[in-house]
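Asks: Position one of the sequence shown corresponds to residue 1 (the UniProt record's numbering), numbered consecutively onward.
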Amino acid sequence: MSVATEAAHIRDLFTTIEEIESVASSLAEDDERRHKLDGVVARTLRQAPPVRPVVAGELLDLTEKTVKAWAREGVLAIHSQEPRMLLDTVRLHEVLHLVSDLRRAGKSRGLIDEVHRRLSDQSLLDRSDLAKSLDEMRSGKGRVVRSA
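Below, the structure written as structure tokens:
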């Protein structure tokens, strides 16, 4: 399959995913339909085939060399290395959102650092123990600990 054809297939998949995400985000956080739609998005992305770096470059508007560097740095997740590098579609979708947001905000330099920082922040926010601690702090249940 050509790069253009493969990129078009992945782009169509991501467009469909983004439409579902848009509908899901219009529903209340505690709405069961929102959770179902989020599950559909997650399953669909997990079932999508891994992506070649050259195709990811086409989608992200980056060179293949840059995409491979981002993969080596951990910004893009590597699905497999042999016989050729293939990238995880779930992470690619996440990074595509971040890169698009950054470019809309006028950021074009140092994208890898900013994307990496945002992914790191999100992984912290996704931790249940941190969420619990923040909830306790907001409700005044936590205790203040100061180092000497």
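We put the CB at the ideal spot given by N, CA and C, even for glycine. The structure displayed is predicted, hence computed values, not measured ones.
1. How many angstroms separate the CA atom of D61 from the CA atom of S139?
2. Would you mind giving the Cβ-Cβ distance between P50 and D88, rounded to the nearest angstrom? I have them listed as a contact below 8 angstroms.
3. Hey, how far is the Cα of L13 from the Cα of V3?
4. Mind listing, in chain order, the continuous beta strand (DSSP E) runs of no fewer than 3 residues lying wholly within the region 47-97?
5. Keeping to the same chain, check which residues put their C-beta closer than 8 angstroms to that of R52; ignore five residues upstream and five downstream.
6. Would you kindly work out how many angstroms separate the C-alpha atoms of L119 and V90, rounded to a whole number?
7. Nearest to T15 by CA position, among M137, A71 and L45, is which residue?
8. Within 10 angstroms of its Cβ, does H93 collect 16 or more other Cβ (buried), or is it exposed?
9. Around the C-beta of K36, are 16 or more other C-beta atoms found within 10 angstroms, so that it is buried, or is it exposed?
10. How is R33 classed by DSSP in three states: helix, strand or coil?
11. Using the C-alpha atoms, what's the distance from V99 back to A71?
Replies: Checking against the coordinates, here is how it stands:
1. 44 angstroms
2. 6 angstroms
3. 15 angstroms
4. 78-80
5. V3, E6, R84, M85, L86 and L87
6. 13 angstroms
7. L45
8. buried
9. exposed
10. helix
11. 15 angstroms
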